[in-house]
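Counting in the working numbering, the sequence shown runs without a single skipped number right up to 368 at its last residue. The beta-carbon is built from N, C-alpha and C at its ideal position, and this holds for glycine as well. Model, not experiment: these values are computed from the prediction. A quick write-up on the structure given underneath.
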Amino acid sequence: MADVETVLAANEKASREALAPRADETDQARRFPRENLKALGAAGVLGLLIPQAYGGSGGTIAEMARALEMEARGCASTAMVTLMHFCAMATITAKGSEELKQSVLPRAARGEHLGTLAFSEAGSGGHFYMPVSEARQNGNGKLLSASKSFVTSAGEADSYVVSTRRAGATSATDVNLYLVPRGADGFTVRGKFEGLGLAGNASAPAALSDVKVDDKARIGEEGSGFQIMLEVVLPHFQIGVASISIGIAAAAFDLITARARERKYEQAGGAALASIPRVQFLVAEMAIELSAGRAYLNETIRKAMAGDPAAMIDVLGVKAKAAEACLGVVSRAMTLGGGWAFGRRGGLERMFRDAQAAAVMAPASDVIKDFVGKASLGIPLF
Ligand SMILES: Cc1cc2nc3c(=O)[nH]c(=O)nc-3n(C[C@H](O)[C@H](O)[C@H](O)COP(=O)(O)OP(=O)(O)OC[C@H]3O[C@@H](n4cnc5c(N)ncnc54)[C@H](O)[C@@H]3O)c2cc1C
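What follows is the structure, encoded as structure tokens:
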């Protein structure tokens, strides 16, 4: 088992030397980034959050954020696949039975097992914490049937953390989480991912049709799924998506500032794009957006790590703010990139498309603001 700093250094190397050079090809071919995951797995990154007792590095949410920002600078599709794996592993680590942990975590720590979340359903859309599917009793076990609308790494991941309402649920939040292995009878991936950005993500719809599970596959106590989603999944997911947004923004900023220095105008005696005051102004706005987004992210991580009760509002808000900061940076970068960027040269246009996902991924930025507004006014969220 490698220590956290060694894994983070290897993650940075992989991001620069493997993820970044392949990012355009992954995007254009809309190919699942299997080679990148192999490289990350070999470097111990897939075990970053897994406790040392199961062969991982025992990293924290702060270290997860560092890893994801670095990956997103190289290839945002790969970073999103890694984030969904981190969320699944954090859930199993926090609430899985010992048997479930032993069946998944050591292999994941060795880079031999990829996990993901299958929460979102067509019937409840971005309100992912309220699935409309409901388990049915099947002798001592259950039958799961659900229409999952977006599953990152669909058909590529080895296991899926699936949400569903409890058999005979008494409310919309009476939910269980189950671990379903790839290849389970009745689990099918429906179609290909045609998304605007994060094209390597394989975020396809998937259907569960009478998938048999027993209580051993349940993660956590009976009926505790909603609580687990809020306490374990949400902080990892929100901070993770925010880190990816900051990573995309940082990559776009580096790219466009280099371009502004290099782009010269013959008619102006070889003056650089960077010498134009309006360009400097836009770059200043980008720098400020990026620093503000990063500062909010760091403050959220500090509060979450300290167990601050006020952390939840920031855990919600930071994903929306980082998404806005990222869109602000990449949109300005597209303007400054001109025909070079519009002509899909240099990777900026890929970053512009990748940056759009964070605001719609659940909870969407608008839903987050609904929550933050209610929480700030003392109105119950549910
Ligand atoms: C690249 C990508 C990968 C994904 N990967 C996964 C995954 O691995 N696992 C998974 O479970 N899901 C995943 N998702 C799904 C995602 O998390 C959302 O569930 C999905 O994008 C919601 O889409 P929808 O069209 O159903 O949203 P809708 O519910 O139709 O919402 C559409 C819009 O309506 C507005 N809106 C809705 N409700 C409110 C409200 N209460 N207040 C204010 N505004 C509101 C918002 O503007 C929102 O953006 C992924 C999505 C993307 C884009």
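Supposed close pair residue i, residue j - CB separation, criterion 8 Å
| i | j | result |
| --- | --- | --- |
| residue 163 | residue 109 | In fact, because the Cβ distance is near 18 Å, the residues do not count as touching under 8 Å. |
| residue 66 | residue 138 | 6 Å |
| residue 30 | residue -7 | 4 Å |
| residue 193 | residue 133 | 6 Å |
| residue 68 | residue 26 | 7 Å |
| residue 233 | residue 55 | 4 Å |
| residue 344 | residue 308 | 7 Å |
| residue 222 | residue 76 | 5 Å |
9 Å Cβ cutoff met for residue i and residue j
| i | j | result |
| --- | --- | --- |
| residue 358 | residue 322 | no |
| residue 146 | residue 58 | no |
| residue 32 | residue 44 | no |
| residue 196 | residue 126 | no |
| residue 314 | residue 275 | yes |
| residue 78 | residue 287 | no |
| residue 28 | residue 333 | no |
| residue 190 | residue 166 | no |
| residue 289 | residue 297 | yes |
| residue 341 | residue 235 | yes |
| residue 6 | residue 61 | yes |
| residue 116 | residue 42 | no |
| residue 371 | residue 82 | The chain is shown from -13 up to 368; residue 371 falls before or after that span and cannot be answered. |
| residue 217 | residue 361 | no |
| residue 135 | residue 172 | no |
| residue 306 | residue 354 | yes |
Residue from the options with nearest C-alpha to residue i
| i | options | result |
| --- | --- | --- |
| residue 124 | 152, 282 and 243 | 152 |
| residue 150 | 128, 297 and 140 | 128 |
| residue 285 | 304, 235, 160 and 117 | 304 |
| residue 85 | 40, 157 and 361 | 40 |
| residue 269 | 293, 38, 120 and 240 | 240 |
| residue 184 | 64, 119 and 324 | 64 |
| residue 118 | 22, 293, 155 and 173 | 155 |
| residue 2 | -11, 53 and 15 | 53 |
| residue 366 | 15, 299 and 278 | 299 |
| residue 227 | 198, 311 and 293 | 311 |
| residue 213 | 16, 114, 87 and -9 | 114 |
| residue 16 | 188, 238, 318 and -11 | 188 |
| residue 23 | -3, 335 and 346 | -3 |
| residue -5 | 318, 49, 38 and 293 | 49 |
| residue -10 | 19, 37 and 14 | 37 |
| residue 318 | 14, 293 and 238 | 238 |
Whole-angstrom distance between residue j and residue i, CA atom to CA atom
| i | j | result |
| --- | --- | --- |
| residue 92 | residue 219 | 20 Å |
| residue 248 | residue 364 | 52 Å |
| residue 320 | residue 252 | 22 Å |
| residue 51 | residue 225 | 7 Å |
| residue 101 | residue 229 | 20 Å |
| residue 349 | residue 215 | 12 Å |
| residue 72 | residue 143 | 12 Å |
| residue 122 | residue 112 | 24 Å |
| residue 356 | residue 254 | 50 Å |
| residue 231 | residue 337 | 10 Å |
| residue 159 | residue 271 | 42 Å |
| residue 260 | residue 243 | 8 Å |
| residue 262 | residue 326 | 18 Å |
| residue 351 | residue 256 | 43 Å |
| residue 267 | residue 316 | 15 Å |
| residue 295 | residue 245 | 44 Å |
| residue 168 | residue 120 | 20 Å |
| residue 97 | residue 273 | 36 Å |
| residue 21 | residue 302 | 33 Å |
| residue 331 | residue 4 | 19 Å |
| residue 339 | residue 148 | 28 Å |
| residue 94 | residue 368 | 35 Å |
| residue 99 | residue 250 | 49 Å |
| residue 335 | residue 347 | 20 Å |
| residue 14 | residue 70 | 22 Å |
| residue 211 | residue 157 | 12 Å |
| residue 291 | residue 283 | 12 Å |
| residue 293 | residue 324 | 45 Å |
| residue 198 | residue 19 | 30 Å |
Would you say the segment 177 to 184 touches the segment 101 to 115, given that touching needs at least three Cβ pairs under 8 Å?
By the criterion of at least three beta-carbon pairs nearer than 8 Å, the segment 177 to 184 is not in contact with the segment 101 to 115.
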